[in-house]
Structure formats: structure tokens, C-alpha cells
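Asks: The structure under discussion is supplied below as C-alpha cells; questions concerning it will follow.
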Amino acid sequence: AKSLLKERLAGRLLRMRSAAELGFLDAISAMVSSPEQPQAEPWAELNEIRDDVRKEVVRLRVVEPRQTPLPYKVFGSEGIEESAHNQMAKVMSLGPVVSGALMPDAHLGFGMPIGGVAATEGAVMPFAVGVDIGCRMHLTVFTESASSITALRERLKTSLLNGTYFGRSLSEAPLSEHPLLDDLRFKRIEKFCRSRGTREWAAKQFGSSGGGNHFVEFGELVLTEQTDGIPAGRWLALLSHSGSRALGFRVANFFTELAGKMNKLPKEYEELAWLNMDTEEGQAYWDAMELAGDYSAANHHVIHDTVIRLAGLTPVRAISNHHNYAWKETHGGKELYVHRKGATPAAPGVLGIIPGSMATPGFLVRGKGGADSLSSASHGAGRRMSRRDAFKSITEAQRDQELLAGSVELLGGGIDEAPGAYKDIRSVMAAQSDLVDILAEFHPRIVRMAGRDEVDRQEGS
């Protein structure tokens with residue numbers, strides 16, 4: 005009888021919707037948060053379902069953003085479109101957000117702009133990390149000099165074509181013994197998300213690079229002085245850019261939807277819903293995000309190991325960094341959750357890689373720890389036009405002319421990734437000279453990207 009009464013009482017509370025009933029829920033919520041525990045009926049029963057009441061009060065009440073967004077620092081403002089500023093203003097209107105910045109490569113994204121940085125207190129926003137959790141750069145430097153590219157060209161091309169795969173392709177012999185696949189976090193994610201097959205998809209996609217702006221390329225790393233143990237000179241190097249594939253996609257979408265239920269926002273803000281880190285749901289997202297980041301890192305190692313073996317090269321140094329992720333950091337004496345969506349960590353002394361485009365240089369950098377940028381820098385050149393506009397305005401002949409001028413051979417790649425679709429990388433680097441020191445330039449020479457018929461498969465459909 006007692007459990008039935010509790011069920012009926014909870015059911016009645018959970019069905020309340022009107023303004024008057026919400027007012028009643030305010031009173032009930034205040035009662036259940038009080039340290040005093042009234043024992044008279046029905047309060048004793050309410051005490052036993054206080055957690056349910058708390059969650060339902062949160063679910064029913066729309067959390068209103070700040071009327072005036074917090075200010076944020078902008079680097080390279082002349083190259084950033086108004087739509088990116090509008091998105092960032094929404095981010096800075098949210099309660100948990102305490103600081104933010106736009107990097108010089110910033111452009112319109114989903115929820116938060118690409119090139120956006122936001123620090124929150126006590127909460128994490130899944131869509132401010134993005135759907136490609138742990139998207140990262142990975143650079144391997146070899147003992148071979150850059151001059152060897154000419155003699156090794158056919159072998160290097162073959163290793164790129166056979167050492168990774170793009171678009172819809174899945175491994176015909178998925179990795180089943182990689183140490184990460186034994187990680188217990190896979191089981192925890194499947195249990196929490198009530199989703200099967202997460203580990204199996206991860207195994208199938210090991211060694212894959214996806215689509216869009218993801219790439220694997222050989223090029224010349226040019227150092228004017230010894231850097232991080234690498235002697236000055238022009239060295240053959242391998243650079244890759246990709247993320248956590250279907251794993252990150254599934255995690256991001258599940259927890260973004262969950263966040264929207266737990267912290268209900270006005271419709272135009274829905275994608276920016278957050279999870280409080282003192283909740284089971286917030287901790288579960290953090291757990292899943294870290295697994296996706298570890299998977300992305302492991303996947304880059306699989307790609308590099310395979311390509312290097314096929315090319316018969318000798319590696320001497322590897323450098324890598326995430327640029328779609330959230331980090332727990334201390335800024336201004338406070339522990340904050342710093343979301344970098346298309347932004348490179350640039351704390352003092354931290355190495356990072358900032359690519360240009362398929363025909364323009366990338367840069368190996370060392371962070372300076374700029375406070376206004378939350379110790380961040382750009383993650384690339386940044387798009388100056390959308391993919392749709394690129395298809396409309398750039399021809400294959402124009403793209404090929406830029407490739408020829410840059411001495412680049414392209415394997416795959418679409419018009420939407422043509423160099424002309426991107427901002428000038430040197431202008432972007434000049435706009436963040438206070439944030440990073442440039443240590444070396446990387447010039448692409450043989451670039452492998454998804455071709456016209458290689459559409460990325462994030463899901464199993």
C-alpha cells in the first residue's frame with residue numbers, strides 16, 4: 005500500500021504542467037530541499053520521492069539565459085562572420101558559462117561556433133565539444149629528409165591509399181585485440197545509453213579517417229633550429245587529422261538530448277544544454293567523452309603505424325593534440341571546464357599543430373598561455389565559405405591550379421575542401437602571435453582525403 009501511494013503521488017507530480025501547478029512544484033521543491041524532514045502525511049511520502057520531484061521540477065522549468073551576454077575576447081575579428089558572433093553571444097548568455105573567446109579561424113558551427121572556446125563552472129555542454137569528440141592532429145617526423153619524397157613518391161602514395169580508408173569503407177578485418185577495446189568504459193556507455201554495438205563499431209572503424217576536412221598526408225617539415233629534439237632541416241613527415249568516428253557521434257547526440265531534458269532551454273538555445281557535473285549524467289558524459297578521446301588518439305596511432313610500415317620509413321618523433329574536447333583546468337583561481345570546439349590547447353610550453361589547407365602550410369607551435377584566450381589558439385585556417393558556396397563558386401580547374409602552385413598531389417578530395425574555401429592561414433597565424441610561437445612549418449606534398457564517392461559514415465546506416 006505504501007509503495008502504491010508513493011507511485012500515485014509521484015505520478016501526479018510528474019503529470020503537472022500548468023503555471024499554477026508549477027507554482028505548487030516550487031513549494032514542493034523548497035520543501036524537499038529543506039534539511040527539516042516533516043513527518044506528517046503526505047509529506048513523509050514526499051520526502052521519499054524528493055529526488056524524483058527535484059528532477060521533475062528541473063525538467064518542467066525552462067532555464068532562461070542571461071539578458072545580456074558576458075563579453076568575450078575576439079582574435080582576428082576582421083575575418084570572422086557575423087553568424088559566428090551571434091552563436092558565441094548565445095553561448096555567453098548561458099548560466100554556467102563564465103568566460104569565452106573566439107579564435108581567428110572561427111566560423112559558423114552547430115551550437116557553438118567552430119573556433120569557439122567557453123569555460124563553465126560546475127557543468128559541461130556536450131555540443132560545445134561537438135559530435136566529433138577528440139578530433140585531433142597527429143604528426144610523425146622521420147629520419148628521411150624531405151628530398152626523399154621524389155624518389156619515394158609511388159611508395160608513399162601506395163601507403164596512403166592502402167594504410168587508411170575514408171568515407172563509407174569499414175575494415176574487413178576489424179581490430180579485435182587492441183588494448184582499448186577491453187576498456188570497461190565501453191560497457192558502461194552501453195549500459196547507461198541503453199545502446200548495443202558501441203565496441204563493435206569502434207573495432208570496425210579502427211584505421212579509418214572519415215570524411216569532410218579529415219586527411220592523412222606526407223609533407224615537408226621545415227625547422228630553422230633544433231626543436232623538441234628534432235634537428236634543424238627539412239624532414240619527411242606524416243600528418244593526420246580525424247576524430248572518434250561513430251563513437252563520438254553517438255555519445256554527443258545521446259548526451260545532448262539528455263542535457264536538453266535535464267536543463268530545458270528556450271528552443272533557439274536547445275543545442276547548448278548542459279549537464280551538471282555533480283550529477284550521475286554529467287559524470288557519465290565525462291567518462292564517455294574521455295573514452296572517445298582515447299579512441300581517437302589510438303586510431304591515429306593505428307593509421308600512422310600502418311602507413312609507416314607500408315612506406316618502410318623510420319620514425320623519430322610524434323606530436324599530437326586534441327582540438328574538439330573539454331578539459332578541467334584552473335583559470336583565475338577557479339576550477340573550470342574549458343570547451344574547445346575547433347581550438348588548440350596553448351598553455352605555456354604546450355606543443356600543438358595548426359594545419360592550413362590541402363595546398364597551404366600548417367604550423368608546429370608552442371603555446372604562450374594567453375589568459376584572454378583561455379590558453380587556446382586556432383585549430384586551422386578556418387572556412388571563409390560554406391561547403392555549399394564552395395561547390396557553387398570554385399571549379400576543379402581553380403582548385404587544381406592552387407595544388408600545382410603548392411606542389412601538391414591530391415588523392416581524393418572534394419571541391420568543398422579546395423584551398424580557396426579557407427581563410428589565409430598566414431593572416432590567421434599573425435592574428436594569434438600573442439597566443440603561440442611558431443616552431444616549424446609543414447608543407448603538404450601528397451594529400452589523401454575522402455573522394456567524391458567516399459561519403460563519411462558516422463552511423464551504421
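In this note's numbering, the protein residues as written are 5 to 465. No residue lacks a Cβ here, since even glycine has one placed at the ideal position from N, Cα and C.
#1: Hey, out of Pro235, Ser213, Ala241, whose CA is closest to Leu225's CA?
#2: So for Asn267, helix, strand or coil by DSSP?
#3: Is Gly211 helix, strand or coil by DSSP?
#4: Which of the three DSSP states is assigned to Lys332 in this structure?
#5: Is the CB-CB distance between Phe219 and Met453 below 8 Å?
#6: Along the chain, where does the alpha helix (DSSP H) containing Phe219 start, and where does it finish?
#7: Which value, in whole angstroms, describes the spacing of the CA atoms of Gly416 and Asp393?
#8: What residues in its chain sit with their C-beta under 7 Å from that of Ser87, if we drop five residues either side in the sequence?
#9: Leu251 and Trp205: beta carbons closer than 8 Å?
#10: Within 10 angstroms of the Cβ of Arg387, are there 16 or more other Cβ atoms? Answer buried if so, exposed if not.
#11: Is the beta carbon of Ala330 less than 8 Å from the beta carbon of Met293?
#12: Taking the C-alpha atoms as reference points, what is the distance between Gln71 and His182?
#13: By a C-beta neighbour count over all protein chains shown, 10 Å radius and 16 as the cutoff for buried, is Gly464 buried or exposed?
#14: Drop a sphere of 10 angstroms on the beta-carbon of Ala434, count the other beta-carbons inside from all chains shown, and report buried for 16 or more, exposed for fewer.
#15: Consult DSSP for Val369 and reduce its assignment to one of helix, strand or coil.
#16: Excluding five sequence neighbours on each side, which residues of the same chain lie with their C-beta closer than 6 Å to the C-beta of Gly455?
#17: Mapping the DSSP letters down to three states, classify Arg449 as helix, strand or coil.
#18: Is it the case that the region 139-150 contacts the region 321-330, given that we only count it when at least three CB pairs across the two stretches are under 8 Å?
#19: Per DSSP, which residues does Tyr341 bridge with? Please list them.
#20: Where do the N-terminal and C-terminal ends of the beta strand (DSSP E) with Ile323 fall, by residue?
#21: Count the other CB atoms within 10 Å of the CB of Leu243; is the residue buried (16 or more) or exposed (fewer)?
#22: For my contact list, Val412 and Met362 are in at a C-beta cut-off of 8 Å; report their separation, rounded to the angstrom.
#23: Going by C-alpha distance, which of Val342, Glu272, Gly360, Gly233 is nearest Phe114?
#24: Using only CA atoms, which one of Asn328, His447, Asn267 lies nearest to Gly360?
#25: Determine, using beta carbons only, whether Ser516 and Thr162 come nearer to each other than 8 Å.
#26: Would you say Ser379 and Pro423 are within 8 Å of each other, going by their C-beta atoms?
#27: Taking 7 Å as the cut-off, is the C-beta of Leu98 nearer than that to any heavy atom in the ligand GDP?
#28: Going by DSSP in three states, Glu458 sits in which element: helix, strand or coil?
#29: Mapping DSSP to helix, strand and coil, what is Thr154?
#30: What's the gap between the Cα of Ile450 and the Cα of Leu164?
#31: With a 10 Å radius around its C-beta and 16 neighbouring C-beta atoms as the bar for buried, classify Leu188 as buried or exposed.
#32: Would you grab the beta carbon distance between Met129 and Leu295 for me? Rounded to a whole angstrom, and I think it's under 8 Å.
#33: In chain order, what residues of the same chain have a beta carbon less than 6 Å from the beta carbon of Ala351, not counting five sequence neighbours either side?
#34: Pull up the distance between the alpha-carbon of Asn267 and that of Val78, whole angstroms please.
#35: For Gln462 and Pro108, I'd like the C-alpha separation in whole angstroms.
#36: Taking the alpha carbon of Gly366 as the reference point, which residue from Ala444, Arg403, Ala315 has its own alpha carbon closest?
Replies: Concretely, from the data shown:
#1: Ala241
#2: coil
#3: coil
#4: strand
#5: Taking 8 Å as the Cβ cut-off, Phe219 and Met453 qualify as a contacting pair.
#6: Where Phe219 is concerned, there is no enclosing alpha helix (DSSP H), although the beta strand (DSSP E) it sits in stretches over 219-227.
#7: 20 Å
#8: Leu112
#9: yes
#10: buried
#11: yes
#12: 50 Å
#13: Low local confidence applies: a pLDDT of 34 at Gly464 is under 50, so the model's placement there is unreliable, with the coordinate-based value given in what follows. Gly464 comes out exposed.
#14: exposed
#15: Reduced to three states, the DSSP call for Val369 is strand.
#16: Gly416
#17: strand
#18: The count of Cβ pairs closer than 8 Å, one atom from the region 321-330 and one from the region 139-150, reaches three, so the stretches are in contact.
#19: DSSP lists Thr124, Lys332 as the beta-bridge partner residues of Tyr341.
#20: Run containing Ile323: 319-326, per the beta strand (DSSP E) assignment.
#21: buried
#22: 6 Å
#23: Glu272
#24: His447
#25: The structure shown does not extend to residue 516, since the chain is modelled only from 5 through 465, so no value can be given for it.
#26: no
#27: For the structure depicted, the ligand GDP is absent and the ligand set is empty, with no information on it obtainable.
#28: coil
#29: helix
#30: 9 Å
#31: Around the CB of Leu188, fewer than 16 other CB atoms lie within 10 Å, so the residue is classed as exposed.
#32: Actually they do not touch by this definition, with Cβ atoms about 18 Å apart.
#33: Gly371, Gly373, Ser379
#34: Whole-angstrom Cα-Cα distance: 28 Å.
#35: Any reading at Gln462 must be qualified, since the residue scores a pLDDT of 47, below 50, and its modelled position is unreliable; no value is offered.
#36: For the options Ala444, Arg403, Ala315, the alpha carbon positioned closest to that of Gly366 is the one of Ala444.
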